Each structure stands twice: as C-alpha cells, then as structure tokens.
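K.L.:
Here it is, the structure in full.
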Amino acid sequence: MKRSFVRVEPDSHFPIQNLPYGVFRPRGGGPPRVGVAIGGEVLDLDALDRAGCFAPAAASGLGVFAQPSLNRFLALGRPAWRQVRETISRLLDADEPALRDNEALRAAALRPQREVELLLPAEVGDYTDFYASRAHAEHVGTLFRGKDNALMPNWLHLPVGYHGRSSSLIAGGTDVRRPNGQLKPPDAEAPRFGPSRQLDFELEAGWLIGTGNGQGRPIAVADAEDHLFGLTLVNDWSARDIQAWEYQPLGPFLGKSFATSVSPWVVPLEALAPFRVPAGKQEPEPLPYLRSPSPETFDIRLEAYLQGGAMERPERIAASSYRELYWTIAQQVAHHTSGGCNLRPGDLLASGTISGAARGARGCLLELTWRGAEPLRLGGGETRTWLEDGDLVILTGWCQGDGYRVGFGELAGRVLPALPYP
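Just so we're aligned, residue 5 is where the sequence shown starts under the working numbering, counting upward by one.
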C-alpha cells in the first residue's frame with residue numbers, strides 16, 4: 005500500500021490515497037491560497053508552484069494556487085487536475101526524496117492544520133439543492149401527505165431540485181444564527197413573526213462543477229462526470245416552521261436561505277474511484293436522456309453527531325450512506341442542463357438529505373423525531389425534537405479502503421440565538 009513520508013494515523017481521513025483540495029489562510033498572517041490535506045498537515049500548492057514543482061503541467065506558473073478560491077484551477081479541466089494530482093502524489097510518496105529531503109521546501113510547503121484557517125473552497129456563483137434520496141422523500145411525503153401519497157407524481161421521473169442562495173454558503177466551523185421569519189402554527193388564525201422554533205440540520209453531499217457548459221448546450225449523462233471536480237459535505241440548515249408556511253406554491257425561500265455549511269475539503273473524483281459501486285435499479289426506467297448503460301454511485305459512509313450544552317461529548321444520532329441516493333450525480337447534472345442551463349466553474353450542486361429506511365439512518369431531525377412526535381434521547385438527560393441554541397452539529401463521511409480511509413473530515417456548526425429584529 006502506498007504511503008507518504010508525512011505521518012498519517014490509521015484512522016485519518018487524509019492519507020496519500022485521498023489528497024483533497026481546500027483553501028486556507030495561515031493564522032500567523034498571509035493571503036489565502038490553495039492547499040491539499042495530508043494527515044494532520046496542509047500542503048501549500050502555491051509554495052510548490054513557485055518552486056517549479058508542477059512544470060511542465062498545464063497548471064504550472066499560472067498562479068492558480070495563489071488564489072482565495074479553487075475556481076481558476078477548476079476551470080482548467082480534468083487533464084490539468086490529473087497532472088497536478090500525480091505530481092502531488094509523487095512528491096508525498098515515502099520513497100521520493102524531492103520534497104522529503106529538501107528541508108527548506110518542506111518548511112515552506114507543509115503546515116500543521118491547527119495553524120491555518122480553512123475557508124470556503126470555492127467562490128460559488130450558483131447553488132442547486134436536489135431532493136435525490138428516495139427514503140427521505142418518502143418519509144417527508146408520509147409526514148405531510150400520508151403514506152399513499154408520499155412521492156409526488158414527478159419524483160420517479162426526474163431529479164427534483166431548487167435553486168438555493170449562494171451568498172449564504174458558509175465554511176465549516178462557522179456558527180449559524182437562528183433565523184427569524186413568519187410562523188403560522190396549525191391552530192393559529194394568522195401568522196406571527198419571530199425566531200424559528202423548528203431549526204433542523206440536513207446530512208448531505210455536494211459536488212463542485214469544474215468545467216461548465218455553454219448556455220443552451222446540455223451535458224449528456226455519459227459526459228457529466230467529465231465536468232465534475234470532486235465531492236464535499238453539505239449541511240443545508242432548515243427552519244421547518246418558516247418553510248412550512250412559505251413554501252407553497254414556489255418552494256423553499258427564507259426557511260433555507262439563512263445558512264448552508266460546506267466542508268472545507270473537496271475530495272476529487274479520482275480519490276473516490278476505488279469506491280465506485282453499481283447504482284440501484286430505477287423503476288420506471290428513466291427517459292432516454294437520463295439513462296446510463298452502467299450507472300454508478302459511491303460507497304461513502306455518512307454520520308451526523310449532536311452535542312448539547314449538558315453533554316460532555318458529541319453523540320452520533322444518524323448513520324446513513326451515499327448509496328441511498330436514488331438519482332446519480334450524472335443524472336442530476338444531465339437533468340440540470342437539459343433545458344439549456346449553463347453551469348460554471350465553482351457551482352455547487354447538493355444531494356438533499358441522504359436518509360435510509362431505518363430510523364437511525366434518517367439524515368435530519370424532521371425524520372429522526374418524526375416531526376417532533378418521537379423526541380431523541382441524548383446523553384446528559386437531554387432530549388431533542390429540534391435544535392436548541394448552543395447545539396453543535398457535526399457531519400462526517402468516509403470511504404473505507406484496505407488499511408486506509410478516504411474521508412471528508414468534519415463539517416461542524418454551532419447554533420447561536422436569533423438576533424432581535426430591528
């Protein structure tokens with residue numbers, strides 16, 4: 005098994021088989037730049053580029069790593085991404101002396117993660133959130149419409165989604181302020197305005213667009229992954245009571261637009277390749293533009309943890325799998341562009357809540373507590389139907405290899421009280 009000269013613990017999410025990309029800023033000062041996680045370190049790609057390590061690759065000398073986002077690198081396309089990844093993997097190999105034995109370059113290029121601030125990995129121009137987990141859609145549909153009408157008529161024919169708010173995307177580790185909005189309890193004659201009482205998290209995966217497509221030029225399902233750079237974790241925080249009152253007839257608005265957390269690390273598709281598995285059978289068969297001769301997905305384990313104020317440590321409240329998605333990444337990209345929509349480098353597409361059928365595999369409190377009817381019992385004697393002020397939510401995910409993990413690290417966010425409305 006290939007190993008790095010950088011120390012990597014057996015349960016680390018960042019072995020040499022992974023090499024996820026992110027954007028960081030040294031806590032001691034300096035501009036943001038692009039890096040790669042290896043063990044507990046960050047490899048400064050701008051430092052390597054200035055030392056000529058990427059020549060003659062397509063990304064060499066262009067300054068794409070001396071940037072506050074991945075966007076310029078994403079726009080170069082897969083051949084450039086592949087060249088850079090191969091160079092990084094070679095330089096970090098335990099048997100390669102070029103970086104290992106160059107003390108000056110090593111000191112300039114490797115920094116402990118604890119000494120850097122991790123930022124949002126991309127400048128996201130547009131953000132789309134899908135609704136691609138069948139178990140989640142059936143659970144939510146059952147709660148609001150009954151078991152016999154759980155899935156809307158279109159759900160098995162197309163990947164349902166909505167256009168989110170990119171301006172309120174935040175990096176993992178950023179606190180989340182409880183939103184204010186219009187609320188109308190079922191027994192009230194009229195709505196009132198105030199802090200959401202039904203704040204929720206959503207366990208999701210997301211993917212960044214690399215090279216986009218021209219307006220009016222759809223991306224075929226067979227070509228969709230050529231336009232994808234990598235995957236990340238997403239927590240699309242939701243104010244269920246605000247959303248329930250506002251969403252008809254046009255869908256989510258203020259109940260979703262206040263905050264969406266994005267993991268700082270983006271795992272490239274090449275790192276996930278060993279964990280490809282066949283996608284589940286789809287019935288009825290999709291229309292021709294959504295069909296793939298051999299549809300695939302990824303075997304990614306997903307978990308959600310919650311820590312309340314009286315709890316000594318976070319407690320796992322959900323364990324799901326990326327394999328629970330009914331619609332594949334390729335199908336979601338193909339459908340998104342089928343009407344002529346143009347995707348651009350750095351655009352973020354997210355899966356929607358990823359849930360399994362079992363109660364412990366439900367990826368949000370709406371499902372876990374069955375809309376508040378079955379409260380969660382937590383350590384320290386606490387219970388939850390919805391998130392409370394001070395609660396810390398942590399999402400994580402990884403693929404398990406033979407003696408190593410390819411993971412996403414942690415995506416954390418703490419709930420702060422709502423601000424008084426002006």
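Heads up, the beta-carbon is just placed ideally off N, CA and C, and yes, glycines get one too. Treat the numbers as computed from the prediction; the structure is a model and nothing was measured.
Taking the alpha-carbon positions, what's the G185 to A263 distance?
P.N.:
Taking the straight line joining both Cα atoms gives about 14 angstroms.
K.L.:
Should K6 go down as buried or exposed, given a rule of 16 or more other Cβ atoms within 10 Å for buried?
P.N.:
That one is exposed.
K.L.:
One question on the structure: do A323 and A365 come within less than 8 angstroms of each other, judged by their Cβ atoms?
P.N.:
Yes, the Cβ-Cβ distance between A323 and A365 is below 8 angstroms.
K.L.:
Take the Cβ of K260 as the centre, count every other Cβ of all protein chains shown within 10 Å, and call the residue buried at 16 or more, exposed below.
P.N.:
Buried, since its Cβ has 16 or more Cβ neighbours within 10 Å.
K.L.:
If the criterion is Cβ atoms closer than 8 angstroms, does the pair E289 and G383 meet it?
P.N.:
For E289 and G383, no; Cβs fall outside 8 angstroms.
K.L.:
Could you compute how far the alpha carbon of V38 sits from the alpha carbon of R305?
P.N.:
Taking the straight line from one Cα to the other gives about 27 angstroms.
K.L.:
Have a look at G177 and T146 and give me their C-alpha separation to the nearest angstrom.
P.N.:
Their Cα atoms are separated by approximately 33 angstroms.
K.L.:
Are A354 and L294 close, meaning C-beta to C-beta below 8 angstroms?
P.N.:
No; because the gap between Cβ atoms is not below 8 angstroms, this pair is not in contact.
K.L.:
Round the Cβ separation of F233 and P272 to the nearest angstrom and send it over; I've been treating them as touching at under 8 angstroms.
P.N.:
About 7 angstroms separates the two Cβ atoms, so the contact holds.
K.L.:
Grouping DSSP H, G and I as helix and E and B as strand, with all else coil, what is Q311?
P.N.:
Here Q311 sits in strand by DSSP.
K.L.:
Checking the sheet assignment: what are the DSSP bridge partners for R381?
P.N.:
Partner(s): T387.
K.L.:
Write down the C-beta distance between L47 and L114 rounded to the nearest angstrom, noting that I regard them as a contact closer than 8 angstroms.
P.N.:
At roughly 6 angstroms, the Cβ-Cβ gap stays under 8 angstroms, so L47 and L114 are in contact.
K.L.:
Tell me, to the nearest whole angstrom, how far the beta carbon of E45 is from that of Q117; I am working on the premise that it is less than 8 angstroms.
P.N.:
About 7 angstroms; that satisfies the 8 angstroms criterion.
K.L.:
Since I believe G43 is in contact with S16 (beta carbons under 8 angstroms), could you give me their beta-carbon distance rounded to a whole number of angstroms?
P.N.:
About 6 angstroms; that satisfies the 8 angstroms criterion.
K.L.:
Within the same chain, show all residues whose beta-carbon is closer than 6 angstroms to that of H140, passing over the 5 residues directly before and after it, in chain order.
P.N.:
Cβ within range, chain order: T357, S359.
K.L.:
Extract the residue ranges of the alpha helix (DSSP H) inside the stretch 56-94, only unbroken runs of 4 or more that lie entirely within it.
P.N.:
Correct list: 75-78.
K.L.:
Can the beta-carbon of L380 be found less than 8 angstroms from the beta-carbon of L370?
P.N.:
Not a contact, by the Cβ cut-off of 8 angstroms.
K.L.:
In angstroms, rounded to a whole number, what distance separates the CA positions of G407 and A283?
P.N.:
For G407 and A283, the distance between alpha carbons rounds to 25 angstroms.
K.L.:
Buried or exposed: G26, going by 16 or more other Cβ atoms within 10 Å of its Cβ?
P.N.:
The residue is buried, with at least 16 neighbouring Cβ atoms inside 10 Å.
K.L.:
Do you know how far the Cα of L420 is from the Cα of G413?
P.N.:
Cα to Cα, G413 sits roughly 23 angstroms from L420.
K.L.:
Throw me the rounded Cβ distance for the G56 and N239 pair, which I believe falls under 8 angstroms.
P.N.:
That belief does not hold up - the Cβ atoms of G56 and N239 are roughly 39 angstroms apart, past 8 angstroms.
K.L.:
Rounded to the nearest angstrom, what separates D53 and P424 at their Cα positions?
P.N.:
Looking at the two C-alpha atoms, the distance is approximately 48 angstroms.
K.L.:
Cutting at 8 angstroms between CB atoms, please list the residues of its own chain near R201, excluding the five before and the five after it.
P.N.:
Only L187, D245, W390 meet the Cβ criterion.
K.L.:
What are the start and end residues of each continuous alpha helix (DSSP H) run of 4 or more residues lying completely inside the stretch 146-229, in chain order?
P.N.:
With a minimum length of 4 residues, no continuous alpha helix (DSSP H) run stays inside the stretch 146-229.
K.L.:
Return the residue from the list W249, T341, D395, C345 that minimises the CA-CA distance to E316.
P.N.:
Ranking W249, T341, D395, C345 by Cα distance to E316 puts D395 first.
K.L.:
What is the DSSP secondary structure of L258, counted as helix, strand or coil?
P.N.:
Residue state, collapsed to three classes: coil.
K.L.:
Alpha carbon to alpha carbon, how far is P14 from G343?
P.N.:
Using only the alpha carbons, I get a separation of about 46 angstroms.
K.L.:
How should E287 be labelled, buried or exposed, when 16 other C-beta atoms within 10 angstroms of its C-beta is the threshold for buried?
P.N.:
The residue is exposed, with fewer than 16 neighbouring Cβ atoms inside 10 Å.
K.L.:
If you draw a straight line from the alpha carbon of P163 to that of L66, how long is it in whole angstroms?
P.N.:
For P163 and L66, the distance between alpha carbons rounds to 38 angstroms.
K.L.:
From C368 to F77, what does the alpha carbon distance come to, in whole angstroms?
P.N.:
Rounded to the nearest angstrom, the two C-alpha atoms are 34 angstroms apart.
K.L.:
Specify the secondary structure class of V337 as computed by DSSP and reduced to three states.
P.N.:
The answer is helix: DSSP assigns V337 an H, G or I state.
K.L.:
Are P426 and V270 touching if we call contact CB-CB under 8 angstroms?
P.N.:
Not closer than 8 angstroms, so no.
K.L.:
Tell me, please, whether the CB atom of D130 is closer than 8 angstroms to any CB atom in chain C?
P.N.:
The structure shown has no chain C; it contains just one protein chain.
K.L.:
Helix or strand or just coil, what does DSSP make of G32?
P.N.:
The answer is coil: DSSP assigns G32 none of H, G, I, E or B.
K.L.:
What does the alpha-carbon distance come out to for the pair V128 and L352?
P.N.:
Going by the C-alpha atoms only, they are around 6 angstroms apart.
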